[in-house]
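Undergrad: Got a structure here, written out as structure tokens. Questions coming.
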Amino acid sequence: MAILPIHEVPDPILKQVAEPVSQVDDRVRKLLDDMAETMFAAPGIGLAAPQVGVSERILVAAVPVRDGVSEELEEDEEMGSESFLTELINPVIVEREGLILFDEGCLSVPELTIEVERSERIVIEALDRNGAPMRVEASGFYAVVFQHEMDHLDGVTLYDRISKLKRTLYLKKRKKRRG
Ligand code: ZN
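In the numbering used here, the protein residues as written are 125 to 303.
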């Protein structure tokens, strides 16, 4: 496994609509492994393939999914734990309901947190790492995580959700900090 460099805005790959995966093979499984290692090392709670420079519809998330449903953590469980890895290939939201507002951050848009409105509960259909169909139901924070990562597959980041003026200020600030 390897930790991959994370692409940050305004990298054009983050604006691309990612391609569906046509064959789930060893190449894809290696990418999933590397993405998981990269996410946990960051540390982050989700990571989409375009963030590591691969424009394909693949994401990983540290979401506890049991029997196809996201579950609240038990008291002794830690958010972002490596035992809660969920991998989705070609994910599609097939059901959604309710609304939730949440302050989101992104590994590709460092030091920016903005409130985003999402569906409160979603059902996703995707392929697993063996190419078999899978279904995940997620609600609350975990629904937010999946929707955030799926935005990346459509070339949308938090950076696109702020005004043009704020984008200019953000990039200026980042440039200054890098020296
Ligand atoms: Zn993100």
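A virtual CB, placed ideally from N, CA and C, is assigned to each residue, including glycine. As the structure is a computational prediction, the values presented were derived from the model and not from experiment.
Whose C-alpha, out of V145, A173 and L223, is nearest the C-alpha of M274?
TA: For the residues V145, A173 and L223, the minimum Cα distance to M274 belongs to A173.
Undergrad: Count the C-beta pairs between the segment 234-242 and the segment 181-193 that are closer than 8 Å, then say yes if the count reaches three, no if not.
TA: Touching, no, given that fewer than three Cβ pairs across the two stretches are closer than 8 Å.
Undergrad: Taking the alpha-carbon positions, what's the K297 to S243 distance?
TA: Near 32 Å, if we compare the C-alpha coordinates of S243 and K297.
Undergrad: Assuming L197 is part of the alpha helix (DSSP H), what are its boundary residues?
TA: Element bounds for L197: n/a, residue is neither H nor E.
Undergrad: Cα separation between F270 and K300?
TA: Those two C-alpha atoms are separated by around 32 Å.
Undergrad: When the Cα of S207 is compared with those of E221, V184, G229 and D227, which residue comes out closest?
TA: If we check each option's Cα against that of S207, V184 comes out closest.
Undergrad: I need the boundaries of the alpha helix (DSSP H) containing A165, first residue and last residue.
TA: That run of the alpha helix (DSSP H) goes D150 to A165.
Undergrad: Quick one: what does DSSP say I127 is sitting in, helix, strand or coil?
TA: Of the three classes helix, strand and coil, the one that applies to I127 here is coil, per DSSP.
Undergrad: Please determine, among M258, L282 and A256, the residue with the shortest C-alpha to C-alpha distance to V268.
TA: Checking every option, the nearest Cα to that of V268 belongs to L282.
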